[in-house]
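Numbering (this note's numbering), first residue to last: 224 to 375.
Quick notes on the structure that follows.
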């Protein structure tokens with residue numbers, strides 16, 4: 224694991240990474256496809272509201288992972304990236320609980336965000352980031368294929 228680099232910034236001097244905000248925020252528009260896929264014609268009112276709340280939590284967490292990653296304390300960049308991944312999984316699991324579509328379909332919809340997080344977010348060696356992104360994409364694809372009845 225890559226140890227944290229010594230920081231010369233105090234918590235008061237830490238700032239939002241505006242370039243990362245410009246990179247990460249526009250991609251959130253694709254959450255609309257996920258929301259549209261989760262809509263049911265005769266669902267109770269609370270279901271779409273619940274999904275919107277989960278998507279908002281996911282959006283805020285996703286943008287925070289890029290712009291202010293230092294708010295999560297960790298002993299290494301790798302561990303911090305794992306913490307952000309787990310935090311992003313919480314609203315995804317919330318959506319899976321009530322979705323009318325199979326949970327694997329929900330997971331596949333969110334996979335691009337996890338792959339992007341592992342590819343671009345933290346200051347760990349590029350080879351580690353690419354391996355992490357590949358593992359996430361491969362595991363999501365395998366789960367999706369098995370859930371769809373595709374023999375691998």
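Using N, Cα and C, we set each Cβ at its ideal position, and we do this for glycine too.
- In this structure, the straight-line span from the alpha carbon of residue 349 to that of residue 335 is close to 18 Å.
- Where residue 309 is concerned, the enclosing alpha helix (DSSP H) starts and stops at 300–321.
- Selection 263, 281, 323 evaluated against residue 253 yields 281 as nearest (Cα-Cα).
- Counting other Cβ atoms within 10 Å of its Cβ, residue 371 stays below 16 and is therefore classed as exposed.
- In this structure, residue 361 and residue 288 do not form a Cβ contact; the two beta carbons are roughly 21 Å apart against a cut-off of 8 Å.
- By the CB criterion at 7 Å, residue 300 and residue 346 fall inside the cutoff.
- One thing to note: residue 261 has its Cβ no nearer than 7 Å to the Cβ of residue 327.
- Each of 240, 246, 241 was checked against the Cα of residue 342, and the nearest Cα belongs to 246.
- Secondary structure note for residue 354: its alpha helix (DSSP H) is the uninterrupted segment 349–370.
- In the DSSP assignment, residue 271 falls within the unbroken alpha helix (DSSP H) covering 269–290.
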